[in-house]
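Residue numbers (my numbering): 810 to 918.
Ideal Cβ positions, reconstructed from N, Cα and C, are used throughout, including at glycine.
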């Protein structure tokens, strides 16, 4: 897998997972509510769960596109290989960022 595909997968996969889980949870809770109680009182909850999850996924997707847009213009931290760096994370060696392309760690400057 090339660097661009790996970077795209790491940027956009979390939003896709949240959207899929929101849809699945909404469907499961709607089916459980319709089967358990007459009138399906959980239908409204299932709808809110789906909309909330899809809204969260959309926000995550927009944030990923925003980071990608900034990276293309040189406004996001970059690895020497040219890849986008992840958010800073704490480790026993201090704060590190990982390259989303080559996966090498870089110290926070």
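A direct Cα-to-Cα measurement between residue 898 and residue 907 gives close to 9 Å. The three-state reading of DSSP puts residue 872 in helix, counting H, G and I together. Look at residue 895 here: in three-state DSSP terms it is coil, with no helix or strand label.
Taking each of 892, 904 and 866 in turn and checking the Cα distance to residue 877, the smallest one comes out for 892.
In terms of Cβ geometry, residue 863 and residue 828 form a close pair [threshold 7 Å]. Residue 874 and residue 817 have their C-alpha atoms roughly 10 Å apart. Residue 856 and residue 872 have their alpha carbons spaced roughly 24 Å apart. Counting the other CB atoms within 10 Å of its CB gives residue 813 a total below 16, which places it among the exposed residues.
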